[in-house]
Structure formats: structure tokens, C-alpha cells
Amino acid sequence: NAGVTQTPKFRVLKTGQSMTLLCAQDMNHEYMYWYRQDPGMGLRLIHYSVGEGTTAKGEVPDGYNVSRLKKQNFLLGLESAAPSQTSVYFCATTVAEPNTEAFFGQGTRLTVV
Amino acid sequence: AQKVTQAQTEISVVEKEDVTLDCVYETRDTTYYLFWYKQPPSGELVFLIRRNSFDEQNEISGRYSWNFQKSTSSFNFTITASQVVDSAVYFCALSDTGRRALTFGSGTRLQVQP
Chain A
153 NAGVTQTPKF RVLKTGQSMT LLCAQDMNHE YMYWYRQDPG MGLRLIHYSV GEGTTAKGEV
213 PDGYNVSRLK KQNFLLGLES AAPSQTSVYF CATTVAEPNT EAFFGQGTRL TVV
Chain B
43 AQKVTQAQTE ISVVEKEDVT LDCVYETRDT TYYLFWYKQP PSGELVFLIR RNSFDEQNEI
103 SGRYSWNFQK STSSFNFTIT ASQVVDSAVY FCALSDTGRR ALTFGSGTRL QVQP
């Protein structure tokens with residue numbers, strides 16, 4: 153039972169390159185999220201999904217796209233990476249029941265040079 | 043809009059001291075949920091506790107205790123007899139009943155010196 157798995161764990165991109173971060177969960181959770189963590193700012197919500205085939209914007213969505221074609225996977229795409237997207241990215245999942253915690257992946261450290 | 047403030051950026055204590063991490067939140071919702079997460083140097087996020095807005099009971103779990111006060115919109119976290127292993131960044135977070143996303147504070151870095 154792996155929980156929430158993020159791929160890759162580390163990546164260095166050149167400005168303008170594209171990439172996709174994969175979040176896979178085996179907990180059958182409905183809700184999935186992508187956050188970014190920058191020094192001194194806590195985690196901020198990029199995009200989220202409340203179920204297969206649905207996605208919505210969070211607080212900092214610019215420069216990112218997402219897809220949730222399968223319930224267990226939530227993909228985060230960077231079409232044209234910028235240095236401002238250098239960050240640690242966390243995926244999280246939870247169930248629809250409100251009084252439950254979110255489960256986080258181990259994080260992806262992305263550097264854009 | 044929701045907001046979480048952790049005014050203490052960094053705290054340094056000596057082992058066995060007690061330490062309190064402050065968390066103040068803002069929300070217009072009448073039903074909401076509060077959480078504390080720990081981020082050790084290894085980087086993962088570890089869930090510590092959750093509280094809903096209708097449950098103001100304080101909670102104690104071993105050396106950890108939490109004080110939730112709706113009147114002051116605070117959800118403070120106390121570590122008793124701190125240990126070096128408690129060294130981490132601690133995040134307070136708030137969620138609603140809708141999208142369930144977390145609004146995080148900026149975190150408090152706790153350093154426990156031996």
C-alpha cells in the first residue's frame with residue numbers, strides 16, 4: 153500500500169522546457185490537490201480535483217495545467233517552465249468526508265534554470 | 043477568503059523546555075476544520091491533529107497538546123519537554139466543507155538544541 157506517490161522526486165529544467173508531474177494514489181480518494189511550497193510562504197494551492205474528469209483552479213494556477221483522466225492519477229503540467237516555478241511540489245489526497253486529514257506525497261523538487 | 047497566520051517564523055529552545063506554537067485563523071465559514079502538520083528535515087508532511095469548528099475541546103497526545111479557542115480564532119500547539127527529534131517546521135492549516143483544500147500558514151521552524 154504505497155499511499156500517495158509522486159514522480160519524479162527531483163528534476164532540473166531549462167527555461168521554456170515542458171514537463172509533467174505525476175501523482176498516483178491507491179487509497180481510492182475522491183479529492184486530489186497540487187500545492188507548491190516556497191521558502192517562508194507555506195504551501196499554496198495550484199489546482200485541485202473533486203473527482204475523475206474534473207479539475208479546478210486554486211490560488212496560484214498560472215503557468216500550470218492539470219488532468220484527472222483516472223481517479224487514481226492527477227497530473228500537473230508545465231508547458232513552458234519559468235524560473236519562478238522553481239519550487240517543491242506536493243500532491244495531496246483526501247476523501248469527501250470533511251472531518252478527515254489530507255495525505256501528502258513525498259514532494260517533487262523542481263529547479264528551473 | 044481564508045487566512046492562517048503563524049507569526050513565529052523561527053523558535054529555538056533547549057531540550058526539555060516547553061514551547062508553544064501560535065496559530066491564528068480567519069474565515070467567514072461557520073463550519074471549518076483546523077489541522078497541524080509537521081515537516082521534518084526530510085521534507086515529508088506528517089499529519090498531527092485535526093479539529094472541527096464545533097469541537098473546542100483541548101486535546102493532549104503524549105507530549106503534544108492543542109488549545110482551540112473560537113473566541114480568539116486561535117489553535118495553538120504546545121510541545122512539553124521538547125526533544126531534538128521535535129526539530130521541524132510546523133504548519134497550521136484551515137479547510138472548508140466545499141473544495142476541502144487547505145489554506146496553510148507560513149510555518150514555524152522549531153529548533154531544539156541538545
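Chain order of the listed sequences is A and B. Position 57 (the first sequence) corresponds to 209 in my numbering; numbering is contiguous. Position 2 (the second sequence) corresponds to 44 in my numbering; numbering is contiguous. Beta carbons are placed, not taken as given, at the ideal position from N, Cα and C, and that holds for glycine.
Coarse secondary structure for residue i, derived from DSSP in three states
i: Thr167(A); result: coil
i: Gln177(A); result: strand
i: Thr120(B); result: strand
i: Ser219(A); result: strand
i: Lys112(B); result: helix
i: Val18(B); result: Since the first and last residues shown for chain B are 43 and 156, residue 18(B) lies out of range.
i: Ser84(B); result: coil
i: Ser107(B); result: strand
i: Gln48(B); result: coil
i: Gln99(B); result: coil
i: Ser239(A); result: strand
i: Arg142(B); result: coil
i: Gln224(A); result: coil
i: Ser54(B); result: strand
i: Cys65(B); result: coil
i: Val154(B); result: strand
i: Ala135(B); result: strand
i: Val264(A); result: strand
i: Lys161(A); result: coil
CA nearest to the CA of residue i, picked from the options
i: Gln125(B); options: Thr69(B), Ala143(B) and Gln155(B); result: Gln155(B)
i: Thr150(B); options: Val61(B), Ser137(B) and Ser103(B); result: Val61(B)
i: Ala83(B); options: Thr51(B), Gly140(B) and Val131(B); result: Here the sequence assigns Pro to residue 83(B), which means Ala is not the residue at that position. When each option's Cα is compared against that of Pro83(B), the closest is Val131(B).
i: Cys81(B); options: Gly140(B), Ile121(B), Ser129(B) and Val46(B); result: The question names Cys, yet the displayed sequence has Gln at residue 81(B). Nearest of Gly140(B), Ile121(B), Ser129(B) and Val46(B) to Gln81(B), Cα basis: Ser129(B).
i: Ser107(B); options: Ser95(B), Thr69(B) and Leu90(B); result: Leu90(B)
i: Leu152(B); options: Gly104(B), Lys112(B), Leu63(B) and Gly140(B); result: Leu63(B)
i: Glu57(B); options: Arg142(B), Thr139(B), Ser113(B) and Val127(B); result: Val127(B)
i: Asn225(A); options: Arg261(A), Tyr183(A) and Glu249(A); result: Tyr183(A)
i: Thr206(A); options: Gly215(A), Ser219(A) and Pro213(A); result: Ser219(A)
i: Ile102(B); options: Thr51(B), Arg142(B) and Thr122(B); result: Thr122(B)
Cβ neighbours of residue i in the same chain (closer than 7 Å, five flanking residues each side left out)
i: Thr157(A); result: Ala176 and Gly257
i: Glu211(A); result: Arg196 and Leu197
i: Val46(B); result: Cys65, Tyr67, Cys134, Ala135, Leu136, Thr145, Phe146 and Gly147
i: Thr69(B); result: Gln44 and Leu136
i: Gln189(A); result: Leu195, Ser239, Val240 and Phe242
i: Gly104(B); result: none
Cβ-Cβ separation, residue j to residue i (assumed contact under 8 Å), whole Å
i: Ser148(B); j: Gly192(A); result: 6 Å
i: Asn251(A); j: Tyr75(B); result: 6 Å
Cβ-based neighbour list, residue i, same chain, cut-off 6 Å, excluding 5 preceding and 5 following
i: Phe110(B); result: Arg93, Glu98 and Phe117
i: Ala135(B); result: Phe77, Leu144 and Phe146
i: Ser232(A); result: Gly168
i: Gly229(A); result: Thr172 and Asn217
i: Leu87(B); result: Tyr79 and Gln81
i: Thr120(B); result: Thr62 and Ser107
8 Å Cβ shell around residue i - same chain, five flanking residues per side excluded
i: Pro235(A); result: Thr167, Val264 and Val265
i: Glu253(A); result: Thr246
i: Ser170(A); result: Gly229, Leu230, Glu231, Ser232 and Ala233
i: Ala208(A); result: His199, Tyr200, Ser201 and Val202
i: Lys222(A); result: Glu204
i: His181(A); result: Thr245, Thr246, Val247 and Phe255
Residue i Cβ short of 7 Å to the ligand SAM heavy atom set
i: Leu221(A); result: With respect to the ligand SAM, the structure shown offers nothing to examine, as it has no ligands at all.
At a CB distance below 7 Å, what residues from the segment 72-98 of chain B approach chain A? Give them in sequence order.
Tyr75, Phe77, Gly85, Glu86, Leu87, Phe89, Arg92 and Asn94
Please list, in chain order, the residues of the segment 130-147 of chain B that have any C-beta partner in chain C closer than 7 Å.
The structure shown has no chain C; the protein chains it does contain are A and B.
Of the residues that make up the segment 176-192 of chain A, which ones have a beta carbon closer than 7 Å to any beta carbon in chain B?
Tyr183, Tyr185 and Gly192
Name, going along the chain, the residues of the segment 237-254 of chain A whose beta-carbon falls closer than 8 Å to a beta-carbon of chain B.
So the close ones are Val240, Phe242, Ala244, Thr246, Ala248, Pro250, Asn251, Thr252, Glu253 and Ala254.
Could you please tell me which residues of the segment 212-233 of chain A, in chain order, have their CB closer than 9 Å to any CB of chain B?
The segment 212-233 of chain A vs chain B, Cβ under 9 Å: nothing.
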